[in-house]
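UniProt numbering applies: residue 1 is where the first sequence begins, and numbers increase by one. Glycine residues also receive a C-beta, built at the ideal position from the N, C-alpha and C atoms. Shown next, in structure tokens, is the structure this report addresses.
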Amino acid sequence: YHLLLFSLSVLLPRKKFIFHYKNVRWARGRNETYLCFVVKRRVGPDSLTFDFGHLRNRNGCHVEMLFLRYLGALCPGLWGYGAAGERRLSYSITWFCSWSPCANCSIRLAQFLSQMPNLRLRIFVSRLYFCDMEDSRERDGLRMLKKAGVQITVMTYKDFFYCWQTFVARKQSNFKAWDELHQNSVRLARKLHRILQPFETEDLRDAFKLLGL
DNA sequence: ATTTTCAAT
Numbered sequence: 001y002h003l004l005l006f007s008l009s010v011l012l013p014r015k016k017f018i019f020h021y022k023n024v025r026w027a028r029g030r031n032e033t034y035l036c037f038v039v040k041r042r043v044g045p046d047s048l049t050f051d052f053g054h055l056r057n058r059n060g061c062h063v064e065m066l067f068l069r070y071l072g073a074l075c076p077g078l079w080g081y082g083a084a085g086e087r088r089l090s091y092s093i094t095w096f097c098s099w100s101p102c103a104n105c106s107i108r109l110a111q112f113l114s115q116m117p118n119l120r121l122r123i124f125v126s127r128l129y130f131c132d133m134e135d136s137r138e139r140d141g142l143r144m145l146k147k148a149g150v151q152i153t154v155m156t157y158k159d160f161f162y163c164w165q166t167f168v169a170r171k172q173s174n175f176k177a178w179d180e181l182h183q184n185s186v187r188l189a190r191k192l193h194r195i196l197q198p199f200e201t202e203d204l205r206d207a208f209k210l211l212g213l
């Protein structure tokens, strides 16, 4: 586990971070997904411990599922197999992913989290994965995650800045925003907001459209 | 105007 955690903690090369987290509309060649995470563990009323690192998808395993595999090592006591009568530890995990989760990962995550009331998950995404079609399974998946209590947010400048400071081998260089970072982030945030609206709203909108209102 | 996606070759 020590070896594992060490390998998770290596900082991302600058170019790799920029290429994979760039929130461009047409993300050609981003055939990998990166996940930068911060794990906070509540050890007392006023004290926390931190763990952080990054992962990449490997061998056909999506990075979210890879993260779940490592969760036991990252979050000791999450499953409550400590001493008898000992309370389960509470964790909050924030991750920053270059793509939003696919439908299957969303379903698996939602199922998993429903059994883990002591685990809070916040997901920041740079780009939305296969969410163009109104009826895409990925859209359904994101709604399921929200229903499971996951906070899903599109990354803004401050999030990229934070990631740069935290996960990147930046060698004292400051984060420089790429062209259209802000516009792309706003566009994607609006899109995500529409996706996460309850179904009724879309139904109403369709009804209004039908009525010509 | 059109372009892409946790590859496959």
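Out of the options, state which residue places its alpha-carbon closest to the alpha-carbon of residue i.
i           : options                            : result
Leu-12      : Glu-134, Leu-188, Ile-195, Gln-165 : Gln-165
Leu-48      : Lys-176, Phe-19, Tyr-91, Val-24    : Tyr-91
residue 215 : Phe-50, Tyr-34, Val-63, Arg-190    : Absent from the model: residue 215. The displayed extent of the chain is 1 to 213, so no value can be given.
Val-125     : His-20, Lys-15, Val-10             : His-20
Cys-75      : Gly-141, Ile-195, Arg-205, Phe-50  : Phe-50
Lys-146     : Arg-170, Phe-52, Leu-188, Leu-196  : Leu-196
Leu-120     : Glu-138, Ala-148, Asp-206          : The amino acid occupying residue 120 in the given sequence is Arg; Leu does not appear at that position. With distances taken between Cα atoms, Arg-120 lies closest to Ala-148.
Ile-152     : Phe-160, Cys-97, Arg-170           : Cys-97
Arg-56      : Asp-46, Arg-69, Gly-44, Leu-188    : Arg-69
Arg-108     : Arg-194, Asn-118, Gly-141          : Gly-141
Cys-61      : Trp-178, Arg-205, Asp-159, Cys-102 : Cys-102
Phe-17      : Asp-206, Val-43, Gly-53, Pro-45    : Gly-53
Arg-194     : Gln-172, Phe-175, Lys-171, Glu-134 : Glu-134
Trp-26      : Pro-198, Arg-205, Tyr-129          : Tyr-129
Arg-139     : Asp-179, Pro-45, Val-43, Pro-198   : Pro-198
Can you tell me which of the three DSSP states residue i falls into?
i           : result
residue 248 : Residue 248 is absent from the structure shown; the chain starts at 1 and stops at 213.
Ala-103     : helix
Gly-77      : coil
Ala-189     : helix
Arg-58      : strand
Leu-11      : coil
Ala-177     : coil
Tyr-1       : Residue placement at Tyr-1 cannot be trusted, given a pLDDT of 47 that sits under 50; the coordinates are not used to answer.
Val-63      : helix
Arg-205     : helix
Trp-164     : helix
Ser-136     : coil
Asn-31      : coil
Gly-72      : helix
Spell out the partners DSSP gives residue i in its beta bridges.
i       : result
Ser-90  : Arg-42
Gly-53  : Phe-37
Ile-152 : Ile-123
Phe-96  : Cys-36, Phe-124
Leu-48  : Arg-42
His-169 : Residue identity check: residue 169 is Ala in the sequence provided, not His. Answer by DSSP bridge pairing, in chain order: Pro-13.
On the premise that residue j lies in contact with residue i, defined as a C-beta separation below 8 Å, what is that separation, rounded to the nearest angstrom?
i       : j       : result
Ala-110 : Met-144 : 5 Å
Thr-94  : Val-38  : 5 Å
Asn-59  : Asn-184 : About 31 Å separates the two Cβ atoms, so there is no contact after all.
Phe-160 : Leu-181 : 7 Å
Compare the beta carbon distance of residue i and residue j with 8 Å and say whether it is the shorter of the two.
i       : j       : result
Val-168 : Arg-14  : yes
Met-65  : Cys-105 : yes
Thr-33  : Trp-79  : no
Leu-89  : Arg-41  : yes
Leu-192 : Arg-127 : no
His-177 : Tyr-157 : First, the amino acid is wrong: residue 177 is Ala here, not His. Yes, the Cβ-Cβ distance between Ala-177 and Tyr-157 is below 8 Å.
Leu-211 : Val-150 : no
Should residue i be listed as close to the ligand NAD, given that the test is whether its C-beta is under 7 Å from any heavy atom?
i       : result
Met-116 : Although the ligand NAD was asked about, the structure shown includes no ligands whatsoever.
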